[in-house]
Amino acid sequence: MLSLGIEGTAHTVGVGIVDESCRVLANVSATVRPETGGIHPREAANHHAERVVPLVQEAAAKAGVRLADVDVVAFSQGPGLGPCLRTVATAARALALALGKPLVGVNHCVAHLEIGRGRCGCDDPVLLYASGGNTQIIAYAAGRYRVFGETLDIGIGNMLDKFGREVGMPFPAGPLIEKEAKGGRELLALPYSVKGMDVAFSGLLTAALQLHRQGARMEDLCFSIQETAFAMLTEATERAMAHIDNDQVLLGGGVVRNQRLRSMVGRMAEDRGARMFVPEGELCVDNGAMIAWTGLLQFKSGHRPAIEETLIDQRYRTDAVQVTWR
Ligand code: AMP
Ligand code: MG
10 MLSLGIEGTA
20 HTVGVGIVDE
30 SCRVLANVSA
40 TVRPETGGIH
50 PREAANHHAE
60 RVVPLVQEAA
70 AKAGVRLADV
80 DVVAFSQGPG
90 LGPCLRTVAT
100 AARALALALG
110 KPLVGVNHCV
120 AHLEIGRGRC
130 GCDDPVLLYA
140 SGGNTQIIAY
150 AAGRYRVFGE
160 TLDIGIGNML
170 DKFGREVGMP
180 FPAGPLIEKE
190 AKGGRELLAL
200 PYSVKGMDVA
210 FSGLLTAALQ
220 LHRQGARMED
230 LCFSIQETAF
240 AMLTEATERA
250 MAHIDNDQVL
260 LGGGVVRNQR
270 LRSMVGRMAE
280 DRGARMFVPE
290 GELCVDNGAM
300 IAWTGLLQFK
310 SGHRPAIEET
320 LIDQRYRTDA
330 VQVTWR
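Position 27, counted from 1, in the sequence shown is what our numbering calls 36; the numbers after and before it change by one each time, with no gaps.
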């Protein structure tokens with residue numbers, strides 16, 4: 010059985026094809042990179058509209074399959090930017106109709122967790138999902154993926170990118186901040202906000218920008234932002250693991266490409282006698298394969314949504330999904 014998934018919640022449009030054993034036969038994508046400012050939802054949607062059909066063809070060619078051999082078409086139903094979601098949903102509906110194949114809508118955050126389960130050999134992980142727009146700590150309990158903690162304001166990647174934009178770094182700033190941080194010598198005081206298992210980053214951003222205006226060294230600033238923000242994520246993740254007595258932590262989202270974040274979470278896991286799992290790079294970031302795989306799980310467990318159940322949902326909550334495949 011083959012599943013084709015289309016991702017398009019934010020700046021990346023991606024198409025993946027996977028089989029029933031979670032082999033990734035193809036996983037291709039294109040990402041908008043605004044030269045100035047953040048992502049403009051409509052511009053991103055136009056970009057996705059231009060790229061999605063060639064990407065579908067490219068994926069089929071890479072996988073060495075005919076589109077007619079695909080058994081199910083999956084797409085990212087939310088959460089995300091409305092215009093992007095609508096564009097990709099339209100493409101997925103058109104493809105499913107043309108092929109006469111079933112269409113399944115997938116929650117983007119759940120897909121980050123499922124691809125990790127499918128590819129990394131962890132069966133019941135706590136997911137630290139740290140990306141541009143999303144920051145959540147998610148684990149399975151009683152038929153749903155529960156959000157144990159999340160950001161109360163902006164996503165961590167968003168915080169890094171906004172800081173970068175204000176200090177003159179190109180988008181995305183995360184990798185540049187990581188590079189600068191290597192030259193950090195002094196840990197500057199920044200707001201550390203963990204509230205229960207939730208985190209918040211806007212106060213940290215404001216304080217970091219203020220220190221910048223006061224002439225703080227860029228290396229020290231980047232170092233301090235990373236140490237503070239990543240410690241917050243690590244603490245909240247550890248608390249979730251302790252709460253449900255879980256010994257597997259899975260990383261997902263673009264920010265987990267950061268080696269310092271990995272080493273902090275890895276150290277926490279080691280100290281608890283737990284294991285950390287990190288999917289291959291292209292499966293950590295937004296991608297079509299994770300949508301294809303989660304759609305396949307849903308389909309095999311009997312998911313047959315009517316067309317009106319495939320409407321997009323910009324605020325699709327992780328815990329709104331009924332997990333029928335576990
Ligand atoms: P995503 O939203 O999951 O596609 O991830 C994109 C986000 O990851 C952007 O906010 C980037 O700044 C961030 N990012 C990418 N690489 C790194 C890195 N090495 N360190 C920190 N953040 C990163
Ligand atoms: Mg994502």
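The C-beta atom is built at its ideal place from N, Cα and C for all residues, glycine as well.
DSSP three-state assignment for residue i, whether helix, strand or coil
{"i": "Met-250", "result": "helix"}
{"i": "Lys-191", "result": "coil"}
{"i": "Gly-25", "result": "strand"}
{"i": "Thr-99", "result": "helix"}
{"i": "Asp-328", "result": "helix"}
{"i": "Asp-229", "result": "helix"}
Nearest to residue i (by Cα), restricted to the options the options
{"i": "Lys-191", "options": "Val-97, Leu-106 and Glu-228", "result": "Glu-228"}
{"i": "Val-22", "options": "His-117, Met-10, Cys-31 and Leu-270", "result": "His-117"}
{"i": "Glu-244", "options": "Pro-63, Ser-211, Val-294 and Asp-280", "result": "Asp-280"}
{"i": "Ala-105", "options": "Thr-40, Asp-80 and Arg-126", "result": "Asp-80"}
{"i": "Met-299", "options": "Arg-222, Val-119 and Leu-137", "result": "Val-119"}
{"i": "Gly-261", "options": "Ser-30, Asn-255, Leu-137 and Gly-73", "result": "Leu-137"}
{"i": "Ala-39", "options": "Thr-303, Gly-25, Leu-270 and Lys-110", "result": "Gly-25"}
{"i": "His-252", "options": "Tyr-149, Ile-321, Pro-63 and Val-274", "result": "Tyr-149"}
{"i": "Phe-172", "options": "Ala-182, Asp-256 and Gly-311", "result": "Ala-182"}
{"i": "Ala-249", "options": "Glu-159, Arg-153, Val-33 and Val-115", "result": "Glu-159"}
{"i": "Trp-302", "options": "Ala-68, Pro-63, Arg-128 and Arg-174", "result": "Arg-128"}
{"i": "Glu-289", "options": "Ala-103, Val-203, Ala-329 and Val-33", "result": "Val-33"}
{"i": "Arg-335", "options": "Ser-30, Ala-151, Ala-68 and Gly-130", "result": "Ala-151"}
{"i": "Leu-122", "options": "Ile-316, Ala-315 and Gly-304", "result": "Gly-304"}
{"i": "Ala-315", "options": "Ala-72, Pro-63 and Lys-110", "result": "Lys-110"}
{"i": "Gly-205", "options": "Phe-232, His-312, Phe-157 and Val-176", "result": "Phe-157"}
{"i": "Leu-11", "options": "Leu-218, Arg-276 and Ala-72", "result": "Ala-72"}
{"i": "Val-61", "options": "Gly-212, Asp-170 and Ala-103", "result": "Ala-103"}
{"i": "Asn-255", "options": "Met-277, Arg-266, Phe-232 and Ala-283", "result": "Ala-283"}
{"i": "Glu-44", "options": "Pro-184, Asp-28, Gly-177 and Arg-276", "result": "Gly-177"}
{"i": "Asp-170", "options": "Ala-77, Leu-199, Glu-195 and Ser-211", "result": "Ser-211"}
{"i": "Ala-98", "options": "Asp-328, Thr-333, Ile-321 and Val-332", "result": "Ile-321"}
{"i": "Asp-28", "options": "Lys-309, His-20 and Pro-184", "result": "Lys-309"}
{"i": "Asp-78", "options": "Arg-313, Asp-207, Gln-268 and Leu-13", "result": "Leu-13"}
{"i": "Arg-75", "options": "Pro-184, Ala-35 and Pro-92", "result": "Ala-35"}
Span of the alpha helix (DSSP H), counted from its first residue to its last, around residue i
{"i": "Ile-300", "result": "297-309"}
{"i": "Met-178", "result": "Met-178 -> no alpha helix (DSSP H), and no H or E assigned at all."}
{"i": "Ser-211", "result": "211-222"}
{"i": "Arg-284", "result": "Note, Arg-284: premise wrong, no alpha helix (DSSP H); beta strand (DSSP E) at 284-286."}
Within 8 Å, strictly: CB atoms of residue i and residue j
{"i": "Thr-18", "j": "Ala-58", "result": "no"}
{"i": "Gly-297", "j": "Ile-124", "result": "no"}
{"i": "Leu-214", "j": "Leu-230", "result": "no"}
{"i": "Tyr-325", "j": "Pro-50", "result": "no"}
{"i": "Gln-145", "j": "Thr-319", "result": "no"}
{"i": "Gln-235", "j": "Ile-186", "result": "yes"}
{"i": "Ala-139", "j": "Val-294", "result": "no"}
{"i": "Phe-239", "j": "Met-285", "result": "no"}
{"i": "Ala-100", "j": "Leu-112", "result": "no"}
{"i": "Leu-259", "j": "Pro-134", "result": "yes"}
{"i": "Arg-155", "j": "Ile-165", "result": "no"}
{"i": "Ala-209", "j": "Leu-161", "result": "yes"}
{"i": "Val-115", "j": "Ala-83", "result": "yes"}
{"i": "Val-330", "j": "Arg-126", "result": "no"}
{"i": "Asn-167", "j": "Gly-193", "result": "no"}
{"i": "Thr-237", "j": "Tyr-201", "result": "yes"}
{"i": "Leu-94", "j": "Ala-53", "result": "no"}
{"i": "Val-37", "j": "Ala-69", "result": "no"}
{"i": "Ala-225", "j": "Leu-197", "result": "yes"}
{"i": "Gln-307", "j": "Cys-131", "result": "no"}
{"i": "Glu-175", "j": "Leu-218", "result": "yes"}
{"i": "Gly-311", "j": "Thr-327", "result": "no"}
Limits of the beta strand (DSSP E) - the one that residue i falls within
{"i": "Gln-257", "result": "257-261"}
{"i": "Gly-14", "result": "11-16"}
{"i": "Ala-278", "result": "Element bounds for Ala-278: not the beta strand (DSSP E) but the alpha helix (DSSP H), 268-281."}
{"i": "Leu-292", "result": "From DSSP, Leu-292 is part of no beta strand (DSSP E) but of the alpha helix (DSSP H) over 290-293."}
{"i": "Ala-39", "result": "33-40"}
Cβ-heavy atom distance, residue i to the ligand GDP, below 7 Å
{"i": "Ser-38", "result": "Within the structure as shown, the ligand GDP is missing, the only ligands being the ligand AMP and the ligand MG."}
Practice prompt. Please specify which runs of the alpha helix (DSSP H), each continuous and at least 4 residues long, are wholly inside the region 43-92, giving them in chain order.
Written response: Counting whole runs of 4 or more residues, the region 43-92 contains the alpha helix (DSSP H) stretches 50-72.
Item to complete: Counting only runs of 3+ residues fully inside the region 108-174, write out the beta strand (DSSP E) ranges in chain order.
Response: Here the runs fully enclosed are 112-116, 135-139, 144-150 and 153-159.
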